[in-house]
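A.B. asks:
There are 2 protein chains.
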Amino acid sequence: MIDVAFLGTTVRPAGTAVVIDVLRATSTITLALASGYERVLVAGSIDEAKALRAPDRVLAGEVDCAPAPGFDLGNSPEETLQPRGTELVLATTNGAPAIIAAAQSADEVIVASLLNMGAVLEQLAGLEDVLLVCAGTDGRVSIEDVYLAGRLSAQLEGERSDAARIAESVAAFYPTAVDALQDSAGAVGLHREGLEGDIAFCAQESIVDSVGRLSEMSEGAALLTAAPAVTASAPTPELRT
Amino acid sequence: MIDVAFLGTTVRPAGTAVVIDVLRATSTITLALASGYERVLVAGSIDEAKALRAPDRVLAGEVDCAPAPGFDLGNSPEETLQPRGTELVLATTNGAPAIIAAAQSADEVIVASLLNMGAVLEQLAGLEDVLLVCAGTDGRVSIEDVYLAGRLSAQLEGERSDAARIAESVAAFYPTAVDALQDSAGAVGLHREGLEGDIAFCAQESIVDSVGRLSEMSEGAALLTAAPAVTASAPTPELRT
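From first to last, the protein sequence lines stand for chains A and B. The first sequence begins at 60 in the working numbering and counts up one residue at a time. The second sequence begins at 60 in the working numbering and counts up one residue at a time.
1) Would you mind telling me which residues of chain A sit closer than 8 Å to Thr284(B), beta carbon to beta carbon, in chain order?
2) My parser needs the alpha helix (DSSP H) runs of 4 or more residues fully inside the segment 77-156 of chain A; what are they?
3) Roughly how many angstroms lie between the CA atoms of Ala157(B) and Leu66(B), to the nearest whole one?
4) Select from Ala150(B), Gly209(B), Asp257(B), Val270(B) the residue whose C-alpha is nearest the C-alpha of Cys193(B).
5) Using a Cβ-Cβ distance under 8 Å, would Val229(B) count as near chain A?
6) Give me, in chain order, the residues of the same chain whose beta-carbon lies closer than 6 Å to that of Thr151(B); leave out the 5 immediate sequence neighbours on both sides.
7) Can you tell which of Ser104(B), Gly217(B), Thr145(B), Gly279(B) has the C-alpha that lies nearest to the C-alpha of Asp115(B)?
8) With distances taken Cα to Cα, identify the nearest neighbour of Glu275(A) among Asp106(A), Val99(A), Val81(A).
9) So Gly271(B) and Leu92(B) are in contact, right, with Cβ under 8 Å, and what is the actual spacing, rounded?
10) Kindly say whether Thr69(A), judged by its beta-carbon, lies nearer than 8 Å to any beta-carbon of chain B.
11) Is Ser243(A) close to chain B, meaning its C-beta is less than 8 Å from at least one C-beta of that chain?
12) Out of Ser135(A), Pro136(A), Glu121(A), which has the shortest C-alpha to C-alpha gap to Gly129(A)?
13) By the 10 Å Cβ neighbour count, where 16 or more other Cβ atoms means buried, how is Thr196(A) classified, buried or exposed?
14) Do the segment 75-82 of chain A and the segment 161-172 of chain A touch if we need at least three Cβ pairs shorter than 8 Å?
15) Label Ala113(B) either buried or exposed according to how many other C-beta atoms from any shown protein chain fall within 10 Å of its C-beta, with 16 as the threshold for buried.
16) Is Gly245(A) buried or exposed, if buried means 16 or more other CB atoms sit within 10 Å of its CB?
17) Taking 6 Å as the limit between beta carbons, can you name the residues of its chain near Gly95(A), skipping five residues before and five after?
18) What three-state label does DSSP hand Val205(B) in the structure shown?
19) Just to confirm before moving on: does the CB-CB distance between Leu183(B) and Leu215(B) stay below 8 Å?
20) Pick from Ala171(B), Glu97(B), Arg71(B), Ala125(B): whose alpha carbon is nearest that of Glu264(B)?
21) Are the C-beta atoms of Arg251(B) and some chain A residue less than 8 Å apart?
22) I'd like to know if Val200(B) contacts chain A, where contact means its C-beta is closer than 8 Å to some C-beta of that chain.
23) Which of helix, strand or coil does DSSP assign to Leu282(A)?
24) With distances taken Cα to Cα, identify the nearest neighbour of Leu82(B) among Ser243(B), Ser212(B), Pro234(B).
25) Please classify Gly74(B): does DSSP put it in a helix, a strand, or coil?
26) Can you find a C-beta in chain A that's less than 8 Å from the C-beta of Asp221(B)?
27) Quick check on DSSP: helix, strand or coil for Thr196(A)?
28) Does Ile61(B) have its Cβ less than 8 Å from a Cβ in chain A?
29) Is there a C-beta anywhere in chain B that falls below 8 Å from the one on Leu191(A)?
30) Which same chain residues, not among the five before or five after Asp221(A), have their C-beta less than 7 Å away from its C-beta?
31) Check the Cβ-Cβ distances between Ile258(B) and every residue of chain A, and say whether any is below 8 Å.
32) For Arg83(B), decide whether its Cβ has a neighbour in chain A, counting only Cβ atoms nearer than 8 Å.
33) Tell me the DSSP secondary structure of Glu167(B) in three-state form.
34) Determine which residues share a DSSP beta bridge with Met276(A) and list them.
35) Taking Ile105(B) as the reference, give the member of Ile61(B), Arg71(B), Gly154(B), Ala64(B) with the closest Cα.
36) Taking the alpha-carbon of Asn175(A) as reference, which of Leu90(A), Thr69(A), Val289(A), Asp238(A) has the nearest alpha-carbon?
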């Protein structure tokens, strides 16, 4: 079954959970791993992230879209393009609880964004028990997360739940990804903070190949590393040379 | 704010909650009140409904779409067209918990179906704090409930939440109501029980004017009566004669 949870709080058991927080946690995680951070530690709050500070760790986080005081970075994906250490510690209010809830009820957890949509689809190819988990914002469903869930669901094989069909309806409704993101309540806060560039950035599709996968819970945070790339069919040696 | 709760378990405080269980609880409640039942008692289970049996009460309910053993009626709306008493006791597994949850967090609770969509919109005209509550099915989101939420939301004035925009996307996706109902997981069980006629029946739009409104919790059940009709503007006496 291809299914969708509209909120991180309504997760059910599944083989593979795909956590989605387009604006901006899973976009930032994805780009950080693609940019060269070896690990991303996702903390559930600013205070938890602070407690994880250590040499070679870079702290990123936001308070109502603005960078958290004393942190190295905000939560704009582009800030991770030039790694300043080997580990990124990311404080998120919506993404972290969704990842942790998914970890408790799914065999495997990966994180998805529009930035790595194609690579996520490769990871999911052939799987029959997939739960697309929309993180939402402070307990409210977010359009942009449901939009990506619908984009992914529409490309997967297998039976769909009503929730998956609903997400696919949302994906079909918006002509482009940026239309969906601009229509969301999350866009309002980003405009307010002068971060509207993040909306256009996070709306880019399949610009990187990295897919963050949950390795373990570590020091109360979710430790994500890049999943091994999927090779759909092994090329013959002749073609490689 | 016009908002939507995709499940009866994710209800938040609101001025007016509109509970939706298109297949079939709120369609049956609506038609029962329109047909002449003075009151509908919505019970949370078959056993609770049985405990409410009394003279002049008619018991209606289903177990996995089939009529409950020993009950007077199943849960097909059409079975209420000829009242057999003054009170209908309806056992539902999804509608009742949604109504009870809504009662605990909203000032007023009404129930909506496609059958009385126009009358529901009249009740909601001018209200600014409306939560459309999709009952869902056994903890899973149902297309047909979200479809009606979107149809209602699209006709209401005021700011919309992301959830309301998602529901409106679903309403826009399906050319007709019956298309949405046929695409739902709920339709599968009705086909299995030979009750596919209920799908076409429940897809009819605005065929009655009654709107069930929660009066009180009574004997553990939700007691619904018909809300007074809304007259948008008082006609002049001359026009009435």
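Beta carbons are placed, not taken as given, at the ideal position from N, Cα and C, and that holds for glycine. Here the structure is a predicted model, which is why all the values come from computation and not from measurement.
C.D. replies: If we stick to the structure as given:
1) Ordered by position in chain A, no residue passes the 8 Å Cβ test against Thr284(B), which lies about 31 Å from the chain.
2) 84-94, 105-110
3) 8 Å
4) Gly209(B)
5) yes
6) Ala84
7) Thr145(B)
8) Val99(A)
9) Indeed, because the Cβ distance is near 5 Å, the residues count as touching under 8 Å.
10) yes
11) yes
12) Glu121(A)
13) buried
14) yes
15) exposed
16) It is buried - the Cβ of Gly245(A) has at least 16 other Cβ atoms within 10 Å.
17) Pro142
18) DSSP places Val205(B) in helix when its eight states are reduced to three.
19) For Leu183(B) and Leu215(B), yes; Cβs fall inside 8 Å.
20) Ala171(B)
21) no
22) Using a Cβ-Cβ cut-off of 8 Å, Val200(B) counts as an interface residue toward chain A, since at least one Cβ of chain A sits closer than that to its own.
23) strand
24) Ser243(B)
25) strand
26) yes
27) strand
28) no
29) no
30) Excluding sequence neighbours, Asp221(A) sits near nothing in its chain.
31) Answer no: the Cβ-Cβ gap between Ile258(B) and chain A never drops below 8 Å.
32) No - not a single Cβ of chain A is within 8 Å of the one on Arg83(B).
33) If DSSP states are grouped into helix, strand and coil, Glu167(B) belongs with the strands.
34) Its beta-bridge partners are Ala281(A).
35) Gly154(B)
36) Leu90(A)
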